[in-house]
Amino acid sequence: MVVRSDARSVETRERILAAAAIELADRGYAGTSIALIAEKSATGKGLVQYHFKAKSDIALVIVRSAFSQAPFANVLGVDTVHGLEAVVASIRSVAGAFRDDVQVRAAVRLMREYHLIPVTLPTPYVGWIARIGALLREAEAAGDVRQGLDADREAWHLVGYFYGVQEISNRLSAREDLPERIEEMLARALVTLGTVAPERYL
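Heads up: the sequence shown begins at 1 in the UniProt record's numbering, then just goes up one per residue.
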């Protein structure tokens, strides 16, 4: 009986988070209320507040969860591909998550609205920048990009370039054209990096 009750509690909590992610991605932090989350998750307001004391607690869980699972998590993962191939794969993967994963979309919007949220959210992108920097050093060692590259600076700008492209895509097409725009971005970025035979990666 306890196991069944615990399973039901976990299922309810996940249903609340799923509904909250949709609303937060669409409406933002200020436009989403506990009452709306309760309605969309088919639970009572009291049940939402049983699992989460405040809306800010829901926001924090969503952002932390996205960071622990998404390709831009603040960790350096173990890749099956390396160097420039891994840089390109990483950027494409993050673009896919921004477009297709509602939890990631909610986390991205929440991070943009951090000043409205009375909790400290994880600092975005630092792990991804570090990862791309390490991969660019691999690419330089392999002779795939120009020598003397400032890998950390280029990684910072690649992530900044990506963020700007996805944000404009979001505003103008709800990210429908993001894959195409990312390929255009990559074509330009590979030239900037002095890539040998950039067509291999596109």
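All C-beta atoms in this analysis are idealised placements derived from N, C-alpha and C, irrespective of residue type, glycine included.
All of these numbers come straight from a predicted model, not from anything done at the bench.
Top-ranked residue by Cα proximity to residue i, from the options
i, options, result
"Arg131", "Leu202, Gly143, Ile91, Glu183", "Ile91"
"Tyr50", "Ser9, Glu85, Leu84", "Ser9"
"Pro124", "Glu138, Ser33, Ser65, Gln147", "Ser65"
"Val87", "Asp6, Asp152, Glu11", "Asp152"
Three-state secondary structure (DSSP) of residue i
i, result
"Thr80", "coil"
"Gln147", "coil"
"Thr43", "coil"
"Ala189", "helix"
"Val2", "Here Val2 scores only 42 on pLDDT, less than 50, and its place in the model is too uncertain to base an answer on."
"Asp152", "helix"
"Pro179", "helix"
"Arg198", "Residue 198 is actually Pro in this sequence, not Arg. Helix, per DSSP."
"Tyr163", "helix"
"Ile117", "coil"
Nearest-angstrom Cα separation, counted from residue j out to residue i
i, j, result
"Arg188", "Val48", "47 Å"
"Gly194", "Val159", "18 Å"
"Ala59", "Ala30", "11 Å"
"Arg99", "Ala141", "33 Å"
Contacts around residue i, its chain only, beta-carbon distance under 6 Å, and the 5 residues preceding and following it disregarded
i, result
"Val196", "Asp144"
"Ala21", "Ile62, Val102, Gln103, Ala106"
"Ser56", "Ile117, Pro118, Val119"
Same chain, Cβ closer than 7 Å to residue i, five either side skipped, listed in chain order
i, result
"Tyr161", "Met185, Ala189"
"Pro179", "Ala95"
"Ala155", "Ile129, Ile132, Gly133, Leu136"
"Arg175", "Phe98, Arg99, Gln166, Ser169"
"Leu28", "It should be noted that the sequence gives Gly, not Leu, for residue 28. So the list reads Arg109, Glu113, once near-sequence residues are dropped."
"Ile34", "Lys45, Val48, Gln49, Lys55"
Close-in-space but distant-in-sequence residues of the same chain around residue i (CB under 8 Å, 5 per side omitted)
i, result
"Tyr201", "Leu84, Glu85, Val88, Leu186, Leu190, Thr195"
#### Entry: contact_flag[the stretch 35-43, the stretch 11-19] where n(CB pairs < 8 Å) is 3 or more
A contact exists between the stretch 35-43 and the stretch 11-19.
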